[in-house]
Amino acid sequence: MTELVEANSLVTEEDTLRGKFLTFNLEKEVYGIAIQYVVEIIGMQPITLVPELPPYVRGIINLRGKIVPVMDVRIRFSKEVRAYDDRTCVIVIDIKDMSIGLIVDQVAEVQAIPEEEIVPPPELAVSRDRFIQGVAKVGDQVKLILDCERLLNMDDLEELGSIK
Amino acid sequence: MVTDHLINESLLQVYLFECNQLMEQLEQIVLSVEESNVYNMEDINQIFRIMHTIKGSSGMMQFNQIALLSHTLEDIFAFLRANEAITADYSRLTDHILDGIDFIKEEIEKIENGKPADGQASHLIELFQKFLTELQGLDQPPLNSALEKQIYKAVLFFEEGCEMENIRAFNVVHHLDGLAEVLQQTPEDLMNEKSMEEIRKEGFKLELKSLLSVEQLKEHLLETLFLSRLELEEGAGASTPSDLDIELEPTDQQEKQQQKLENKLVSSTTTGSSTTSMISVNVTKLDKLMDIVGEIVVAEALVVQNPDLQDLELDNFQKAARQLHKIINELQDSVLSIRMVPLKSTFNKMHRIVRDMKKKLNKDVLLEMVGEDTEVDKNIIEHISDPLMHLIRNALDHGIESLEERLKTDKPLQANIRLEAKSSGSDVLIIVEDDGKGLSRTKILDKAKEKGLLRLPEEDLSDKDVHRFILHPGFSTKENVTEFSGRGVGMDVVLKNIESLGGEISIDSREGEGTTITIRIPLTLAIMDGMNIRVGPSRYTIPITSIRESFRPREEELITDPEGHEMMMVRGECLKVVRLNTFFKVDTAVSRMDEGIMLIVEDKLAPVCLFADELIGEQQVVVKTLPNFIKNRKKIRGVTGCTLLGDGSISLILDFSDIA
């Protein structure tokens, strides 16, 4: 009996997570991350540099005793670097057994985006679009849904280029 | 039911743990008995008790094949126990027991891995029964041949007023599962009241077909509760029908049960008293405790080295802080020692391997053990067992010459393998030494050439360099593959396992004399004494044991060679200088020698001078590994982990092998 009840509550929990996205701003675009990956959002923290990492991995931070690497999404998406201000946030995501913090300009909100509104991205060769899993239309705004796994899965080819 | 499943889980865990322990114990007894070639009464009793316990618990957990197997062995030892005068074929018995142990171990492994225990022990059971019959034949003519299935007729009467006879009859049939085939039962249908009446009046009649002897079947049926009378006779197939009517007084039956219980209790207490009051603890609890202790160490640093307190003069506080530090150190040491387990049990596993290989390869070998009481972390024990087995196999298979070859030399015919464990500083050393034929330089070089592994000319390679080739994947100078070795997949896996523990292997061999393989493993990786240093805005930590000395150098002492490498003369030694800011590409204002600090660090390789901005201070640090995201990507040169400093900032722990 208890088994059934527990199973049911699990299903409802997942349901409440699915279809919800955390959106953040980067220059003019709005990006979204599936909320099941997001662990927490924190303010900017002092970053400790770690040598020999690609430029978009800024280093590591101390998150209440846990060491978390941070990635600057601007640099990752080959945008101009901007100084961090008091609105800059770190979105900590957890995929498989890896945690990483994404440094973004500004966090917007959590939105529910129904699956029907998400279409696959166009086949463009621009490097930025490799990270996009889908494009969602919400009202008259277009939001780009990030593929978190791709984001974390740095290609070795790209890496080799950045090592001197 | 969910709760049933949970209860079963913990029962299963206990069962598996108990079985593993008993198997180890049994193996030890058997191997030592084999050496002396005498089964004395104490050994027989112990083996009997072990088999009895396994039979009982396996039956309860419904692992019938294991139960059957141990039942048969128990019978053999019951017989031996009752008939002291008999001398059996002991070496055959030992082989049987070892085969039995292997079967049970295999099944246990399957269960541990979540697979069904589907092994069939019937072949072994037949062999054992044959052995028993022969034993009995030495004593008296056997009642029946135990190899063929016998047909029996049994009638069971239950005690008056015990009620539910039909259910009890059903139980009887259920317990015969796996032991006997029920050809016919009267009454057929046990699920109604009428059958209860019938059994009460006429008894429960069974026609059975079984491998068991009449003795064994009798014993089994007698275990039925509330049995007042048993009639058992052999059906068609036996030349002399033997009627065994047994009238049991109710008290007799209960007494029997009582006796059995007592025996079980006695056996469990005796095993209990031989090991000084121990308690088995779930490893996850220990890990949690370790984590908490680690955090206490960090928290202590956060409090005591708090930036708020930096410039204040707090005598009483300092005194109290020192006391706190002392206590925490003690706590740490105690907790670390809890996880420490002596290497004894791992070493003892080697006995079995040596015994089996000795026989198969026809070599005479003595396995010597030294320092098996040396303790190492439980985690290390689990990962060291396989590599050790491999090394011992290698020594036996490759190292030690055949009897003929040894005759030709002036070495004693009995070869020697020494397995030693000792602690050295903060490491533990495990040494496998044999007096075999050693590693052949020419053979290894030939193989290396064949595989294209030679980078330098042959003459430039020292013996040690040549020996290290055997650690290369796929390397084997053995001409043909045997069941034990030759595939060349062993030594590199051993190396990997040892390295994953943070250890290393060194090989020492003299051709014709023997080989010594030394494994060095650091005792604990988790908490270490470190010296924090600063280079520009970055902080690094160096294990204190690696620091030889530190001093403020003078600009004139720095020597630069034509290629731009910097060096310094220290007491007659010329040491390489590494500027940490250059190595890690960190900006710092300090560039002159007399503005910074020089640390001479020494690990396993030659000492090196590291130039940093300043020493921050000594701290006991909890080593944390770099996050998976970075670790999985690539190895960062020079960094082996990180740690949190008193002010919450992160310091990278240096790894010199890359810096040198």
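Those sequence lines, one after another, are chains S and X.
Numbering (the numbering used here) for the first sequence: 34 to 197.
Numbering (the numbering used here) for the second sequence: 33 to 692.
Where a beta carbon is used, it is the ideal one built from N, C-alpha and C, also for glycine.
Q: Report yes if the CB atom of S:L185 is closer than 7 Å to the CB atom of S:I66, and no otherwise.
A: Numbered from its first residue, the first sequence carries residue 185 of chain S at position 152. Numbered from its first residue, the first sequence carries residue 66 of chain S at position 33. Taking 7 Å as the Cβ cut-off, S:L185 and S:I66 do not qualify as a contacting pair.
(Q) With a threshold of 8 Å on Cβ separation, who are the neighbours of X:G535 within its own chain once the five nearest residues in sequence on each side are excluded? (A) The count along the second sequence starts at 1 and reaches residue 535 of chain X at position 503. Apart from sequence neighbours up to five positions away, the residues of its chain that approach X:G535 with a beta-carbon distance below 8 Å are D459, I551, R552, I553 and P554, ordered along the chain.
**Q.** Classification of X:D284 by the beta-carbon crowding that lies within 10 angstroms, buried from 16 upward
**A.** Looking up residue 284 of chain X in the second sequence gives position 252. Summary for X:D284: the model assigns pLDDT 48, below 50, so the residue's position carries little reliability; its value from the coordinates is reported in the next sentence. Flag for X:D284 reads exposed.
Q: Under the assumption that X:E67 contacts X:Y184 (Cβ atoms under 8 Å), give the Cβ distance between them as a whole number of angstroms.
A: For the purposes of this step, residue 67 of chain X is identified with residue 35 of the second sequence, where counting begins at 1. For the purposes of this step, residue 184 of chain X is identified with residue 152 of the second sequence, where counting begins at 1. That belief does not hold up - the Cβ atoms of X:E67 and X:Y184 are roughly 42 Å apart, past 8 Å.
Q. Of all the beta strand (DSSP E) runs that stay within the bounds of the region 522–575 of chain X, which reach a length of 3 or more residues?
A. Secondary structure within the region 522–575 of chain X: the beta strand (DSSP E) runs of 3 or more consecutive residues, fully enclosed, are 536–542, 546–554, 559–567 and 570–575 (chain order).
Q: Output, in chain order, the set of chain S residues within a Cβ distance shorter than 7 Å of X:N660.
A: Position 628 of the second sequence, counted from the first residue, corresponds to residue 660 of chain X. Within chain S, the residues near X:N660 are D130 and M131.
Q: Please classify X:S42: does DSSP put it in a helix, a strand, or coil?
A: One-based indexing of the second sequence puts residue 42 of chain X at position 10. X:S42: helix per DSSP, three-state reduction.
(Q) Does X:S681 come out as helix, strand or coil in the three-state DSSP assignment? (A) As a position in the second sequence, residue 681 of chain X is number 649, starting the count at 1. Coil.
Q) In this structure, does DSSP put X:T675 in helix, strand or coil? A) Residue numbering aside, residue 675 of chain X sits at position 643 when the second sequence is read from its first letter. Here X:T675 carries a strand assignment [DSSP, helix/strand/coil].
Q. What is the rounded straight-line gap between the Cα of X:V335 and the Cα of X:P585?
A. The count along the second sequence starts at 1 and reaches residue 335 of chain X at position 303. The count along the second sequence starts at 1 and reaches residue 585 of chain X at position 553. Rounded to the nearest whole angstrom, the C-alpha separation of X:V335 and X:P585 is 34 Å.
(Q) Given this structure, state the Cα-to-Cα distance separating S:P79 from S:I94, to the nearest angstrom. (A) As a working mapping, residue 79 of chain S is identified with position 46 in the first sequence. As a working mapping, residue 94 of chain S is identified with position 61 in the first sequence. Spanning the alpha carbons of S:P79 and S:I94 requires a straight line of approximately 7 Å.
Q) Under 9 Å Cβ-Cβ, which residues of chain S neighbour X:R669? A) The residue labelled residue 669 of chain X in the question sits at position 637 within the second sequence. Within chain S, the residues near X:R669 are P84 and E85.
Q: Decide if X:G235 is buried, meaning its Cβ has at least 16 other Cβ atoms within 10 Å, or exposed.
A: Numbered from 1 along the second sequence, position 203 holds the residue referred to as residue 235 of chain X. With at least 16 other beta carbons inside 10 angstroms of its own, X:G235 counts as buried.
Q. Can you round the beta-carbon distance between S:K112 and S:L55 to whole angstroms, since I take them to be within the 8 Å contact cut?
A. Your numbering for residue 112 of chain S matches position 79 in the first sequence. Your numbering for residue 55 of chain S matches position 22 in the first sequence. Actually they are not in contact, since the Cβ atoms of S:K112 and S:L55 sit about 19 Å apart, beyond 8 Å.
Q | Close Cβ partners of S:V83 (< 7 Å) along its chain, the five nearest in sequence each way excluded | A | Here the question's residue 83 of chain S lines up with position 50 in the first sequence. Cβ within range, chain order: G92 and I93.
**Q.** Min CB distance S:V153 to chain X below 7 Å
**A.** The residue labelled residue 153 of chain S in the question sits at position 120 within the first sequence. As written in the sequence, residue 153 of chain S is Pro, which differs from the Val given in the question. Chain X contact via Cβ: absent.
Q: Would you mind reading off the limits of the beta strand (DSSP E) that contains X:F643?
A: Here residue 643 of chain X is taken as the residue at index 611 of the second sequence, counted from 1. That run of the beta strand (DSSP E) goes V640 to A644.
(Q) Check whether the region 634–647 of chain X and the region 96–107 of chain S are in contact - that is, three or more C-beta pairs closer than 8 Å. (A) With a cut-off of 8 Å, the region 96–107 of chain S and the region 634–647 of chain X do not count as touching, because too few Cβ pairs lie within range.
Q.
For a quick check, are the C-beta atoms of X:E634 and X:R580 less than 7 Å apart?
A. As a first step, residue 634 of chain X is located in the second sequence; it is residue number 602 there, counting from the start. As a first step, residue 580 of chain X is located in the second sequence; it is residue number 548 there, counting from the start. The answer is yes: Cβ separation under 7 Å.
Q: For the alpha helix (DSSP H) containing X:L709, list its first residue and its last residue.
A: Past the edges of chain X, shown from 33 to 692, lies residue 709 of chain X, and the structure says nothing about it.
(Q) Is it buried or exposed, X:R571, if we count other Cβ atoms within 10 angstroms and call 16 or more buried? (A) The residue you call residue 571 of chain X lines up with position 539 of the second sequence. Buried, because 16 or more other Cβ atoms sit within 10 Å of the Cβ of X:R571.
Q.
DSSP has X:L705 in a bridge; who is on the other side?
A. In the structure displayed, chain X extends from 33 to 692; residue 705 of chain X sits before or after that span and is not available.
Q) If we count Cβ pairs, one from each stretch, closer than 8 Å, do we get three or more for the region 95–104 of chain S versus the region 649–662 of chain X? A) Enough Cβ pairs lie closer than 8 Å, so yes.
(Q) Tell me whether X:K475, by its Cβ, gets closer than 6 Å to a heavy atom of the ligand NAP. (A) With respect to small molecules bound, the structure shown includes none, and the ligand NAP cannot be examined in it.
Q: Please report the residue range of the beta strand (DSSP E) in which X:R438 lies.
A: Position 406 of the second sequence holds residue 438 of chain X. Boundaries for X:R438: no beta strand (DSSP E) harbours it, while the alpha helix (DSSP H) harbouring it runs L435 to K440, taken from the DSSP string.
**Q.** Residue burial classification, X:K226 (beta-carbon count within 10 angstroms, cutoff 16)
**A.** Indexing the second sequence from 1 puts residue 226 of chain X at position 194. With fewer than 16 other Cβ atoms from the protein chains shown falling within 10 Å of its own Cβ, X:K226 counts as exposed.
Q: Would you verify that the beta carbon of S:I75 is, or is not, closer than 7 Å to some beta carbon of chain X?
A: Looking up residue 75 of chain S in the first sequence gives position 42. It does not: the Cβ of S:I75 has no partner Cβ on chain X nearer than 7 Å.
Q. From which residue to which residue does the beta strand (DSSP E) around X:N314 run?
A. Here residue 314 of chain X is taken as the residue at index 282 of the second sequence, counted from 1. For X:N314, no beta strand (DSSP E) segment is defined, and its DSSP state is neither H nor E.
**Q.** Stretch pair the region 540–551 of chain X + the region 460–478 of chain X: three plus CB contacts closer than 8 Å
**A.** Three or more Cβ pairs drawn from the region 540–551 of chain X and the region 460–478 of chain X lie within less than 8 Å of each other, which places the two stretches in contact.
Q. Does S:P102 have its Cβ less than 7 Å from a Cβ in chain X?
A. Along the first sequence, one-based indexing puts residue 102 of chain S at 69. Nearest CB-CB separation between S:P102 and chain X: below the 7 Å threshold.
Q. Mind checking whether X:D524 and X:E587 have CB atoms under 7 Å apart?
A. Here residue 524 of chain X is taken as the residue at index 492 of the second sequence, counted from 1. Here residue 587 of chain X is taken as the residue at index 555 of the second sequence, counted from 1. Cβ distance not < 7 Å, so X:D524 and X:E587 don't count as in contact.
Q: Find out if the Cβ-Cβ distance for the pair S:P140, S:I68 is shorter than 7 Å.
A: Within the first sequence, the letter at position 107 stands for residue 140 of chain S. Within the first sequence, the letter at position 35 stands for residue 68 of chain S. Contrary to the premise, residue 140 of chain S reads as Val rather than Pro in this sequence. A distance of 7 Å or more separates the beta carbons of S:V140 and S:I68.
**Q.** Inter-stretch contact at 8 Å, needing at least 3 Cβ pairs: the region 130–150 of chain X / the region 40–60 of chain X
**A.** Judged by Cβ distances under 8 Å, the region 130–150 of chain X makes contact with the region 40–60 of chain X, as three or more pairs qualify.
Q: Could you tell me how far apart the beta carbons of X:T468 and X:G431 are, in whole angstroms, since I believe they sit closer than 8 Å?
A: As a position in the second sequence, residue 468 of chain X is number 436, starting the count at 1. As a position in the second sequence, residue 431 of chain X is number 399, starting the count at 1. Note that residue 468 of chain X corresponds to Gly in the displayed sequence, not to Thr. Between X:G431 and X:G468 the Cβ distance is about 3 Å, and since that is below 8 Å, they are a contact.
Q: Might you give, ordered along the chain, the residues of its own chain that have their beta carbon closer than 7 Å to the beta carbon of X:L647, omitting 5 neighbours on each side?
A: On the second sequence, position 615 is the one that residue 647 of chain X refers to. Correct list, in chain order: M563, I565, S582 and I629.
Q. With 16 other CB atoms within 10 Å as the buried threshold, where does X:P489 fall?
A. One-based indexing of the second sequence puts residue 489 of chain X at position 457. By the 10 Å Cβ count, X:P489 comes out exposed.
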